[in-house]
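All remarks here apply to the structure that follows.
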Amino acid sequence: VERDLIKSEPHWTEITKNHKKYSRSHVAQKAFSHDLLGFVTPWNSHGYDVAKVFGAKFNYIVPVWLQIVPTSQGTFTIKGGHDIDAGWMNQVRRNNTNVKIVPRLIFEQWSISHLTKVTTSQSELLHVVQTILDFLSDEKFDGVVLELWRQFMGKVCQSAVTFSFLFLYMKMNIA
């Protein structure tokens, strides 16, 4: 309204000219009543700035930093810690004390046999859960977004149920 940007039929040149502009008086106003989740990726640094500037509009910020991978010893480890930016996390939280920083944790290099091993053994499942919980606690995260489906595309239905319970267990145990 202030810059006469609201038009019923804008021309594409107006959109490209003004696409990075915003009203500073509205950066903290949330116009959407539901939870809002925003992903931030290391390969697009602009997303980090958006999360800081517009942080008050988000309920969850999801940095795409972490991978859980199987090791040659038959255990699992979390990689990507070198991408964690504690200073940026503090800035985002300063702009919105209610925002939850919940990194995406992708299951990389997992085979169906890895998945089956973890989902059919309570001790293996609890080991994976504890590995994730310890990491999240150490790094001061508020939760996690698990990404598993890309490599399995629903091939193991029981595993989906097991990992759903894994997520619920983790959600209840992150303080």
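Going by our numbering, the first residue of the sequence shown is number 82, and it counts up by one from there.
The C-beta atom is built at its ideal place from N, Cα and C for all residues, glycine as well.
- Scanning its chain for C-beta atoms nearer than 6 Å, with the 5 sequence neighbours on each side dropped, one finds around residue 172 the residues 133, in chain order.
- Judged by their CB atoms, residue 117 and residue 143 are not nearer to each other than the 9 Å cut-off.
- For residue 105, there is no enclosing alpha helix (DSSP H), as DSSP marks it with neither H nor E.
- Beta-bridge partners of residue 143 (DSSP): 120.
- Between residue 201 and residue 192, the alpha-carbon positions lie close to 14 Å from each other.
- Annotation: residue 160 is outside any alpha helix (DSSP H); the continuous beta strand (DSSP E) that includes it extends over 157-160.
- From the listed residues 219, 87, 96, 195, the smallest Cα separation to residue 153 is found for 195.
- Secondary structure at residue 113: coil, using DSSP grouped into helix, strand and coil.
- The criterion of a C-beta distance shorter than 9 Å is satisfied by residue 129 and residue 166.
- Membership of residue 96 in the alpha helix (DSSP H) is indicated by the continuous run 93-99.
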